[in-house]
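Written out below as structure tokens is the structure these notes cover.
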Amino acid sequence: MTQITAVASFRRVTPGIVASARLAMANDVPDVTKSEIALLLKRAAPVLGIDGTAYHVMDILLGLSRAEDWKGAGRPIVAISNAKLAEYTMRSERTVMRCIRRLVEVGIAAYRDSATGRRFVYRDKQGDISVGYGIDFTPSRVRAAEIRVAVEQYQVKLNRELAAKRDISRLTRAVEDLSNAFPENSATWREQVVELQNSGLDIERRAEALSALHAEIVVSTTIDRFEHNLSC
């Protein structure tokens, strides 16, 4: 009779975890410097939804990786226990585990589990990893170009939103100045500004609408102002 051995599961597997594991299996892995990827991932944190303790854990793990493991056939595997990470971050082990899971599910790291779940790295005489189990940042190497584009797009979007925010502040003051100058129309104009503020439009579209309103007010209040006879 065949005996079936029960195998314990380390964690509940999600599509994100599987996708990261697939990235970690890639053979064609681009070179990247440790300092470059560390800076890139920190800039990408808002895009990836990494903040708070998860950001702290990421920073620690990246710091513990070796520079040479980010090039060639190397695999940037970090072997540190949850207990030690909890000590470094002054958080619970459960919190640390959730943070690592977050890094894996957003596709910048992967679990590389040993049979027992213990994390360790053995290196040969050249310093290359011969056996390694822990948190594998190979997905970050694979996705470096993609993440870089996402960061650039996010920065462009952020700059546009900041410009729109400045425009809204400037134009709101301009409409208020016009309302004070033309009190007979002030109630209508102020009501229109409030309606735009509560319209639910995104910040860029609100800035555009407020700019159109301001231009309309300026035209309506100056249309007859300079109808002078300039003939000699």
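Residue 7 in my numbering sits at position 7 of the sequence shown, and the numbers go up by one each step. Each residue gets a CB set at the ideal place from its N, CA and C atoms; glycine is no exception. In this text the structure is predicted, and so the values were computed from the model without any measurement.
Give me the Cα-Cα distance between SER20 and GLN153, rounded to the nearest whole angstrom.
Within the sequence shown, numbered from 1, the residue matching residue 20 stands at position 20. Within the sequence shown, numbered from 1, the residue matching residue 153 stands at position 153. Cα to Cα, SER20 sits roughly 23 Å from GLN153.
Backbone secondary structure at ALA26 - three-state DSSP
Along the sequence shown, one-based indexing puts residue 26 at 26. Reduced to three states, the DSSP call for ALA26 is coil.
Three or more C-beta pairs below 8 Å linking the region 118–137 and the region 71–88
Yes: at least three Cβ pairs fall under 8 Å.
Endpoints, alpha helix (DSSP H) assigned at ASP59:
To locate residue 59, count along the sequence shown from 1; it is residue 59. Looking at the DSSP string, the run of the alpha helix (DSSP H) that includes ASP59 is 52–64.
How should VAL142 be labelled, buried or exposed, when 16 other C-beta atoms within 10 angstroms of its C-beta is the threshold for buried?
Residue 142 sits at position 142 when you count from the first residue of the sequence shown. Burial is judged here by how many other beta carbons sit within 10 angstroms of a residue's own beta carbon; VAL142 has at least 16 and is buried.
Which value, in whole angstroms, describes the spacing of the CA atoms of GLU161 and ILE203?
Here residue 161 corresponds to residue number 161 of the sequence shown, with the count starting at 1. Here residue 203 corresponds to residue number 203 of the sequence shown, with the count starting at 1. Using only the alpha carbons, I get a separation of about 7 Å.
Does MET90 pass the burial test, meaning 16 or more other C-beta atoms within 10 Å, or should it be called exposed?
Residue 90 sits at position 90 when you count from the first residue of the sequence shown. Residue environment for MET90: exposed (fewer than 16 other C-beta atoms within 10 angstroms of its C-beta).
If you scan the region 116–160 from start to end, which runs of the beta strand (DSSP E) of 3 or more residues do you find wholly inside it?
The DSSP assignment places 120–123, 129–136 as complete runs of the beta strand (DSSP E) inside the region 116–160, in order along the chain (cut-off: 3 residues).
DSSP three-state label for ILE80, please.
Taking the sequence shown and counting its residues from 1, the one referred to as residue 80 is at position 80. The answer is coil: DSSP assigns ILE80 none of H, G, I, E or B.
What would DSSP say about ALA209, mapped onto helix, strand or coil?
As a working note, residue 209 is residue 209 in the sequence shown. DSSP, reduced to helix, strand and coil, places ALA209 within a helical segment of the structure shown.
Name the DSSP beta bridge partners of TYR111, please?
Position 111 of the sequence shown, counting from 1, holds the residue named residue 111. According to DSSP, which records beta bridges pairwise, TYR111 is partnered with ILE135.
Under the rule that 16 or more other beta-carbon atoms within 10 Å means buried, what is LEU62, buried or exposed?
Taking the sequence shown and counting its residues from 1, one reaches residue 62 at position 62. Counting of Cβ neighbours within 10 angstroms places LEU62 among the buried residues, the total reaching 16 or more.
Alpha-carbon to alpha-carbon, SER114 and GLY127
Mapped onto the sequence shown, residue 127 falls at position 127. Mapped onto the sequence shown, residue 114 falls at position 114. Straight-line Cα distance between these residues: approximately 20 Å.
Leaving aside the five residues before and after ILE217 along the sequence, list all residues of the same chain whose C-beta is less than 7 Å from its C-beta, in chain order.
Indexing the sequence shown from 1 puts residue 217 at position 217. Excluding five sequence positions before and after ILE217, the CB atoms of its chain that fall closer than 7 Å to its own CB belong to VAL175, LEU178, TRP189, given in chain order.
Among SER211, VAL193, ARG206, VAL18, nearest to GLU105 - alpha-carbon criterion
Residue 105 sits at position 105 when you count from the first residue of the sequence shown. For the options SER211, VAL193, ARG206, VAL18, the alpha carbon positioned closest to that of GLU105 is the one of VAL18.
For the alpha helix (DSSP H) containing SER186, name the first residue and the last one.
On the sequence shown, position 186 is the one that residue 186 refers to. SER186 -> alpha helix (DSSP H) spans 183–197.
Quick check: what's the CA-CA separation for LYS165 versus LEU158?
Here residue 165 refers to the residue found at position 165 of the sequence shown. Here residue 158 refers to the residue found at position 158 of the sequence shown. Rounded to the nearest angstrom, the gap between the Cα atoms of LYS165 and LEU158 is 10 Å.
For the alpha helix (DSSP H) that ILE100 lies in, which residues bound it at each end?
Taking the first residue of the sequence shown as 1, we reach residue 100 at position 100. Counting along the chain, the alpha helix (DSSP H) containing ILE100 begins and ends at 93–105.
LEU39, enclosing alpha helix (DSSP H) - first and last residue:
Taking the sequence shown and counting its residues from 1, one reaches residue 39 at position 39. Counted as a single uninterrupted DSSP element, the alpha helix (DSSP H) harbouring LEU39 occupies residues 34–48.
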